[in-house]
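Each protein sequence line maps, in turn, to chains A and B.
In my numbering, each residue's number is its place in the first sequence (first place is 1) plus 105.
In my numbering, each residue's number is its place in the second sequence (first place is 1) plus 4.
This report concerns only the one structure given below.
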Amino acid sequence: MLEMQIPPSTTVRQLKDQLLLSMNAGLTSQEKDLNTKNLAIIFAGKALQDDHSLQECLIRDATILHVARSREDSSTPTHDTQQESLLPGVSTSKSDTESDHLIVTREQAASLQCAFYGYCRESCSDVTAVLLRFACDKCGGFVFVVDPITELDTWEDILDGGKVHGVCYKDDCDGTDANLIFKCAAHQSRGQSDRMHYLRQIKLNLMDIACTTCGDVKTPVITFSCDPSHIMCLSCFQQYCAHLLAERRFTWVANLGSTARCPFGCADGLIVDPHHFYVLGRRLYENYKDFAAEECFLRSGGTYCSTCGAPFVDESSNFFTTCPNGHRFCRKCGDIAHAGECDALPPPEQLAVSEKARENAHSRQTILSTTKPCPGCAAPIERNGGCMHVICARCKKEFCWICQTDWGIDCMSRHWFA
Amino acid sequence: MAAPFPVSCARRIQKELTALHAEPVPGVTLKSGPDTLADKSTDINMIIKGAEGTIYNGEEFNLRFRMNERYPFESPEVVFQPPNIPLHPHIYSNGHICLSILGNDWSPALTISAVCLSIVSMLSSCKEKKRPPDDQFYIRTASMNPKATRWMYHDDNV
Ligand SMILES: [Zn+2]
Ligand SMILES: [Zn+2]
Ligand SMILES: [Zn+2]
Ligand SMILES: [Zn+2]
Ligand SMILES: [Zn+2]
Ligand SMILES: [Zn+2]
Ligand SMILES: [Zn+2]
Ligand SMILES: [Zn+2]
Numbered sequence: 106m107l108e109m110q111i112p113p114s115t116t117v118r119q120l121k122d123q124l125l126l127s128m129n130a131g132l133t134s135q136e137k138d139l140n141t142k143n144l145a146i147i148f149a150g151k152a153l154q155d156d157h158s159l160q161e162c163l164i165r166d167a168t169i170l171h172v173a174r175s176r177e178d179s180s181t182p183t184h185d186t187q188q189e190s191l192l193p194g195v196s197t198s199k200s201d202t203e204s205d206h207l208i209v210t211r212e213q214a215a216s217l218q219c220a221f222y223g224y225c226r227e228s229c230s231d232v233t234a235v236l237l238r239f240a241c242d243k244c245g246g247f248v249f250v251v252d253p254i255t256e257l258d259t260w261e262d263i264l265d266g267g268k269v270h271g272v273c274y275k276d277d278c279d280g281t282d283a284n285l286i287f288k289c290a291a292h293q294s295r296g297q298s299d300r301m302h303y304l305r306q307i308k309l310n311l312m313d314i315a316c317t318t319c320g321d322v323k324t325p326v327i328t329f330s331c332d333p334s335h336i337m338c339l340s341c342f343q344q345y346c347a348h349l350l351a352e353r354r355f356t357w358v359a360n361l362g363s364t365a366r367c368p369f370g371c372a373d374g375l376i377v378d379p380h381h382f383y384v385l386g387r388r389l390y391e392n393y394k395d396f397a398a399e400e401c402f403l404r405s406g407g408t409y410c411s412t413c414g415a416p417f418v419d420e421s422s423n424f425f426t427t428c429p430n431g432h433r434f435c436r437k438c439g440d441i442a443h444a445g446e447c448d449a450l451p452p453p454e455q456l457a458v459s460e461k462a463r464e465n466a467h468s469r470q471t472i473l474s475t476t477k478p479c480p481g482c483a484a485p486i487e488r489n490g491g492c493m494h495v496i497c498a499r500c501k502k503e504f505c506w507i508c509q510t511d512w513g514i515d516c517m518s519r520h521w522f523a
Numbered sequence: 005m006a007a008p009f010p011v012s013c014a015r016r017i018q019k020e021l022t023a024l025h026a027e028p029v030p031g032v033t034l035k036s037g038p039d040t041l042a043d044k045s046t047d048i049n050m051i052i053k054g055a056e057g058t059i060y061n062g063e064e065f066n067l068r069f070r071m072n073e074r075y076p077f078e079s080p081e082v083v084f085q086p087p088n089i090p091l092h093p094h095i096y097s098n099g100h101i102c103l104s105i106l107g108n109d110w111s112p113a114l115t116i117s118a119v120c121l122s123i124v125s126m127l128s129s130c131k132e133k134k135r136p137p138d139d140q141f142y143i144r145t146a147s148m149n150p151k152a153t154r155w156m157y158h159d160d161n162v
């Protein structure tokens with residue numbers, strides 16, 4: 106590895122000349138067969154063109170460039186077949202004879218630079234612009250030149266984790282596929298493993314659309330998956346998610362899990378990748394994960410023990426179940442096993458006179474103090490004081506703590522505050 | 005002393021009031037806004053006029069919005085104020101309104117305007133002046149704040 110201080114206006118050819126000087130030092134004249142034509146400087150999946158400046162190639166401070174010796178055959182990386190990768194929103198010239206299509210204009214370069222965002226968890230703890238790099242699928246190295254990508258569809262596919270074709274220039278590696286990887290643009294790279302998660306629903310607000318919640322025009326923004334996509338600025342999105350978490354109001358979507366819906370309630374307006382909840386910050390993101398895991402567990406038929414809280418799955422349809430710690434209880438009312446079938450509790454007036462109810466240990470005391478499964482979704486519900494009208498935070502079912510059925514006028518008049 | 009409103013929350017309310025002024029909801033006028041948005045809780049009072057051709061024709065009602073510092077992520081508290089509480093199957097005689105967008109169906113994309121529109125249309129579509137069936141019981145037991153009530157939403161189309 107060679108460290109060099111180079112002004113940004115340096116051209117690729119000048120850089121190669123400098124490199125040759127240091128590489129050839131101490132070699133015999135016979136060995137000095139290298140010349141600028143045999144060298145390729147590889148960066149972000151491209152062999153850089155001789156007449157471009159490093160600035161034009163979007164090379165920033167502390168960037169690692171890879172130098173490779175050109176291959177003998179016609180597919181040398183310095184060969185003028187490189188075309189600018191077709192990134193969303195940027196058009197390219199397809200003419201092979203034009204040499205200035207590697208990097209288009211400065212404005213386009215600037216927009217390329219920040220067209221993709223991610224959440225930097227390692228260093229910045231913030232939403233930051235993402236740098237795109239290609240790593241060889243075989244050796245993991247970055248000395249890889251990708252074939253020109255001309256279809257937007259292909260780009261979508263690559264962003265989704267699809268492979269890109271090309272040539273690995275690392276010695277002894279014959280890799281022909283590479284993966285797109287993402288690095289934080291806001292902090293100095295700490296090497297090849299310093300990567301981040303690309304968040305596709307965070308985008309530049311090119312049309313200056315106002316945030317659905319605060320009305321301000323900001324960029325970048327969160328875009329929901331509805332059509333046309335409704336947007337929210339990052340600070341509103343952060344507060345929105347924190348509120349959804351506090352109120353347990355995430356939307357459950359099969360295949361996605363617990364997620365956030367567009368504030369306009371659009372049926373197709375969702376956050377499709379839960380990694381966007383990274384914006385909650387480390388502590389709240391952990392809470393979100395716990396919440397989502399519990400939700401998933403309950404959805405897949407899991408139960409929590411009414412005595413010790415242990416989670417377990419019992420796929421039988423029996424009334425009674427036993428937790429891994431040996432606590433037997435009724436799944437319908439959460440009570441430790443009563444005799445016979447559970448008949449959900451009768452109203453308290455009848456409770457007083459019902460022999461059976463008393464035998465069953467459904468005493469007023471236990472009714473008031475234990476956790477009960479929600480009659481709608483079986484989530485364990487703890488009554489935090491207050492009235493007998495309980496709302497399940499998970500499925501929104503409103504039920505009577507005493508009757509364990511739908512809340513109704515009857516319950517209001519008989520035992521609302523019992 | 006109460007903590008001041010977060011700036012973002014105050015700005016949002018300010019924007020809504022400006023928009024409400026520029027584009028008023030038919031039949032609704034702003035009576036008084038908050039003196040300052042620096043208080044923890046802020047009251048906005050609206051006057052709703054019963055529209056022509058409806059059973060509330062010629063009547064006037066006072067509606068109070070109260071926002072806390074979690075607005076707009078949390079719904080506003082919206083209550084009719086005495087002396088004249090509309091006689092309506094979803095409006096209790098203490099002024100509390102049974103309307104799903106004020107509770108479970110609230111979204112931060114909703115606004116004071118949107119709530120006013122819903123309430124106006126709720127009044128306009130009503131065919132018979134009467135209180136909710138559980139009115140007497142509710143007003144004896146309900147808290148001052150309608151948001152402390154866990155509502156069973158009646159059919160919104162009545
Ligand atoms: Zn970073
Ligand atoms: Zn390789
Ligand atoms: Zn916003
Ligand atoms: Zn939407
Ligand atoms: Zn147990
Ligand atoms: Zn039972
Ligand atoms: Zn439930
Ligand atoms: Zn009951």
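All residues carry an ideal CB built from backbone N, CA and C; glycine is no exception.
- In this structure, the CA atom of Val29 of chain B is about 10 Å from the CA atom of Ile116 of chain B.
- Its Cα nearest to that of Pro416 of chain A, the residue A:Arg404 stands out among A:Ser422, A:Arg404, A:Asn423 and A:Phe424.
- For the region 107-138 of chain B, the beta-carbon criterion of a distance under 7 Å to any beta-carbon of chain A is satisfied by Asn108, Ser111, Pro112, Ala113, Pro137 and Asp138.
- The beta carbon of Pro136 of chain B is closer than 8 Å to those of Pro93, His94, Ile95, Tyr96, Cys102, Tyr142 and His158 in its chain, skipping five residues each way along the sequence.
- Proximity of Pro325 of chain A to chain B, defined by a Cβ-Cβ separation below 8 Å, is not satisfied.
- Taking 9 Å as the Cβ-Cβ cut-off, the region 77-88 of chain B approaches chain A at Phe77 and Glu78, given in chain order.
- Between Cys316 of chain A and Ile336 of chain A, the C-beta gap is smaller than 8 Å, which places the two residues in contact.
- Between Gly99 of chain B and Val83 of chain B a beta carbon distance of about 4 Å is seen, short of the 8 Å cut, so the two are scored as contacting.
- Distances from the CB of His25 of chain B to the heavy atoms of ligand 1 are all 7 Å or more.
- Each of A:His157, A:Tyr224 and A:Leu144 was checked against the Cα of Ile307 of chain A, and the nearest Cα belongs to A:Tyr224.
- Per DSSP, reduced to three states, the secondary structure at Cys331 of chain A is coil, with no helix or strand assignment.
- Using a 10 angstroms sphere on the CB of Glu81 of chain B, the tally of other CB atoms reaches 16 or more, which defines it as buried.
- Annotated as distal: Ser128 of chain B and Thr33 of chain B, with beta-carbon spacing of 8 Å or more.
- In this structure Pro90 of chain B is in contact with Phe65 of chain B, their Cβ atoms being roughly 5 Å apart against a cut-off of 8 Å.
- A check of alpha carbon separations from Glu446 of chain A across A:Arg300, A:Trp512 and A:Phe424 identifies A:Phe424 as the nearest.
- Taking a cut-off of 8 Å on C-beta distances, the region 349-360 of chain A touches the region 394-404 of chain A, as three or more cross pairs fall below it.
- Rounded to the nearest whole angstrom, the C-alpha separation of Thr115 of chain A and Ala365 of chain A is 48 Å.
- Of all residues in the region 9-29 of chain B, those with a C-beta nearer than 8 Å to a C-beta of chain A are Ser12, Arg15, Arg16 and Lys19, reading in chain order.
- In the DSSP assignment, Phe239 of chain A falls within the unbroken beta strand (DSSP E) covering Asp231 to Cys241.
- Around the beta carbon of Asp440 of chain A, 16 or more other beta carbons lie within 10 angstroms, which makes this residue buried.
- Looking at A:Ala483, A:Gly266, A:Gln297 and A:Arg295, the one whose alpha-carbon comes closest to that of Ala283 of chain A is A:Gly266.
- Per DSSP, reduced to three states, the secondary structure at Leu103 of chain B is coil, with no helix or strand assignment.
- Sequence-distant partners of Leu349 of chain A (beyond 5 residues in either direction) whose C-beta falls short of 8 Å from its own C-beta, in its chain, are Phe355 and Ala365.
- With a threshold of 7 Å, the Cβ atom of Gly271 of chain A does not count as near ligand 2, since no heavy atom of the ligand is closer than that.
- Identification of chain B residues near Ser330 of chain A by a Cβ-Cβ cut-off of 7 Å yields none; the smallest Cβ-Cβ distance measures about 16 Å.
- With the rule of 3 Cβ pairs closer than 8 Å, the region 244-252 of chain A counts as touching the region 270-282 of chain A.
- Considering only A:Gly481, A:Cys346, A:Asp515 and A:Asp321, the residue with the shortest C-alpha distance to Glu20 of chain B is A:Asp321.
- Annotated three-state conformation of Cys428 of chain A is coil, per DSSP.
- Interface residue (Cβ-Cβ distance to chain A less than 8 Å): Arg74 of chain B is classified as such.
- In the structure shown, Tyr383 of chain A adopts helical secondary structure according to DSSP, grouped into three states.
- Annotation: the continuous alpha helix (DSSP H) that includes Ile123 of chain B extends over Ile116 to Ser128.
- Sorting A:Ala234, A:Leu385, A:Cys413 and A:Ala372 by C-alpha distance to the C-alpha of Ala291 of chain A places A:Ala234 at the top.
- Annotation for Ser340 of chain A indicates a beta carbon within 7 Å of some heavy atom of ligand 3.
- The residue among A:Cys229, A:Ser228, A:Trp260 and A:Asp279 with its C-alpha nearest the C-alpha of Cys244 of chain A is A:Asp279.
- For Gly431 of chain A against Val418 of chain A, the beta-carbon gap comes to about 16 Å, at or over 8 Å, which does not count as contact.
- At a cut-off of 8 Å between beta carbons, Tyr345 of chain A contacts chain B.
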